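Contents: one structure, followed by commentary.
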Amino acid sequence: MADSPSVWCPSCGAEYVVGTPYCADCRVALTPTRPDSLGPQTTAEDLVELGTWSRLEAQILRARLETAGITVMIEWSSPAPDATGLIVVPEAQSEFAEAVINEIDVDDEVPDTSPFAYVSRIEEHLAAAAQLLQELQTRLDELEARGTDLTGRSSGTPSPR
0 MADSPSVWCP
10 SCGAEYVVGT
20 PYCADCRVAL
30 TPTRPDSLGP
40 QTTAEDLVEL
50 GTWSRLEAQI
60 LRARLETAGI
70 TVMIEWSSPA
80 PDATGLIVVP
90 EAQSEFAEAV
100 INEIDVDDEV
110 PDTSPFAYVS
120 RIEEHLAAAA
130 QLLQELQTRL
140 DELEARGTDL
150 TGRSSGTPSP
160 R
């Protein structure tokens, strides 16, 4: 990829073609600059739990935190659509992440009736919904590749009546 423009994962350093939004492994937003140093491996002790949110809220928070340059991981309670997500960030970024989330909470409490703010919130929710749909499509593709239906039965097996 040396001759074509690239984007990079700030977490693992993987290189991607421009236009790829997220690292396939780390699920963090890619940046146009190659990381100088990836630093030492982060351990569980170096991570801070920020809280648990519904799937849609967690996706929106992840997008906003990544936009602010914060590395984010979500631990889902289950693969179910109604699962909750525990947002975890590196300890070094936790204070800033909490400030970003607090700012989001304050912004959501103050009604902004301007068309720009309204459209921005709709776009944010649509982006999170699109990401959820992409995750569902990926799961469906994996099930189809294995030859199973949504219940886990082989697609050639008749369902019990």
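Numbering follows numbering that gives the first Met the number 0, in which position 55 of the sequence shown is assigned residue number 54; successive positions increment by one, without gaps.
Cβ coordinates follow ideal geometry from the N, Cα and C atoms, glycine included.
Since this is a predicted model, take the numbers as computed values, not measurements.
CA-to-CA, the gap between L135 and R54 works out to about 13 angstroms.
Per the C-alpha coordinates, the member of I121, L139 and L60 positioned closest to G84 is L60.
T66 sits in a helix when the DSSP states are folded into three classes. Leaving aside the five residues that flank V17 on each side, the residues in its chain whose CB is nearer than 7 angstroms to its CB run, in chain order, P4, S5 and V6.
Cβ atoms of V99 and R63 come within 8 angstroms of each other, at about 6 angstroms.
When rounded, the separation of the alpha-carbon atoms in L29 and Y21 is 5 angstroms. Between I69 and A57, the C-beta spacing is not below 8 angstroms.
In the DSSP assignment, L85 is bridged to T51 and E74. According to the DSSP assignment, S5 belongs to the beta strand (DSSP E) that extends over S5 to W7.
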